[in-house]
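Novice: So the sequence shown is residues 0 to 151, counted in numbering that gives the first Met the number 0.
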Amino acid sequence: MSSKLEQLQALLAPVVEGLGYQCWGIEYVSQGKHSVLRIYIDKEDGILVDDCEAVSRQASAILDVEDPISSEYTLEVSSPGMDRPLFTLEQFASHAGEQVKIKLRSPFEGRRNFQGLLRGVEEQDVVVQVDNQEFLLPIDSIDKANIIPSFD
0 MSSKLEQLQA
10 LLAPVVEGLG
20 YQCWGIEYVS
30 QGKHSVLRIY
40 IDKEDGILVD
50 DCEAVSRQAS
60 AILDVEDPIS
70 SEYTLEVSSP
80 GMDRPLFTLE
90 QFASHAGEQV
100 KIKLRSPFEG
110 RRNFQGLLRG
120 VEEQDVVVQV
130 DNQEFLLPID
140 SIDKANIIPS
150 FD
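#1: Compute the distance between the beta-carbons of V159 and V54, then report whether it is under 8 Å.
#2: Helix, strand or coil: how does DSSP classify Q21 here?
#3: One question on the structure: do D142 and K102 come within less than 8 Å of each other, judged by their Cβ atoms?
#4: Are G115 and Q98 closer than 8 Å when you measure CB to CB?
#5: Taking 8 Å as the threshold (beta carbon to beta carbon), is G31 in contact with chain D?
#6: Can you tell me where the alpha helix (DSSP H) holding S157 begins and where it ends?
#7: Contact between the segment 22 to 36 and the segment 76 to 89: three or more CB pairs below 8 Å?
#8: Using only the alpha-carbon positions, how far apart do P67 and S78 sit?
#9: Who pairs with G144 in a beta bridge, going by DSSP?
#10: Quick one: grab the DSSP three-state call for I46.
#11: Out of R118, D63, G19 and G80, point me to the one whose CA is closest to F134's CA.
#12: Once DSSP output is grouped into helix, strand and coil, what is the label at D41?
#13: Going along the chain, which residues of its own chain have a beta-carbon closer than 7 Å to the beta-carbon of Y20, five neighbours each way excluded?
#14: For V125, which of E5, A95, P148 and R111 has the nearest alpha-carbon?
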């Protein structure tokens with residue numbers, strides 16, 4: 000995790016949790032003038048627009064005071080949704096048995112994209128089965144991971 004992301008997590012997670020929500024994860028995508036700070040929130044009975052608005056208001060106030068991002072950015076607050084992103088080993092472990100799509104920061108065995116069955120975690124690795132082959136992907140090398148929704 001980048002130091003900027005760690006700084007934002009340390010700053011914003013307590014705000015989200017203080018409002019009674021789970022801070023599912025934070026994404027910061029720096030793209031020059033079009034940077035986006037996305038906070039994913041969750042709670043047992045689901046997330047409504049009012050929940051996102053409340054967290055956005057509080058997060059904005061903290062970000063204005065602390066000013067951790069010097070350039071312009073857009074703040075988004077969202078539920079993780081059905082294709083929820085996965086950020087932590089605990090999240091990967093709790094979603095074992097589901098289909099996932101994983102993109103790595105750099106190639107592993109000649110590829111960066113993996114889509115298959117999430118088997119779980121082993122130490123600091125995420126175990127994913129693609130066709131009949133299992134891959135152990137280090138959590139630190141994962142750029143993006145999402146659940147693939149099933150509509151059975």
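Each residue gets a CB set at the ideal place from its N, CA and C atoms; glycine is no exception. No experiment lies behind these values; they were computed from the predicted model shown.
Specialist: The relevant details are as follows:
#1: Nothing can be reported for residue 159: it is not among the residues displayed for the chain, which extend from 0 to 151.
#2: As a working note, residue 21 is residue 22 in the sequence shown. Looking at Q21 - three-state DSSP - the assignment turns out to be strand.
#3: Reading the sequence shown from its first residue, position 143 is the one you call residue 142. Reading the sequence shown from its first residue, position 103 is the one you call residue 102. Cβ distance < 8 Å, so D142 and K102 count as in contact.
#4: Locating residue 115 in the sequence shown gives position 116, counting from the first residue. Locating residue 98 in the sequence shown gives position 99, counting from the first residue. In this structure, Q98 lies closer than 8 Å to G115 by Cβ.
#5: Reference to chain D is not applicable here, since this structure consists of a single protein chain.
#6: Since the displayed the chain opens at 0 and closes at 151, residue 157 lies outside it and no answer follows.
#7: yes
#8: Numbered from its first residue, the sequence shown carries residue 67 at position 68. Numbered from its first residue, the sequence shown carries residue 78 at position 79. Distance between the alpha carbons of P67 and S78: 23 Å.
#9: Here residue 144 refers to the residue found at position 145 of the sequence shown. Per the sequence shown, the amino acid found at residue 144 is Ala instead of Gly. BP columns for A144 point to I101.
#10: Here residue 46 is taken as the residue at index 47 of the sequence shown, counted from 1. Three-state result, I46: coil.
#11: Within the sequence shown, numbered from 1, the residue matching residue 134 stands at position 135. Among R118, D63, G19 and G80, the Cα nearest to that of F134 belongs to R118.
#12: Here residue 41 refers to the residue found at position 42 when the sequence shown is read from its first residue. Residue state, collapsed to three classes: strand.
#13: Mapped onto the sequence shown, residue 20 falls at position 21. I40, D41, K42, D50 and V54, listed in sequence order.
#14: Counting from 1 along the sequence shown, the entry for residue 125 is found at position 126. For V125, the nearest C-alpha among the options comes from A95.
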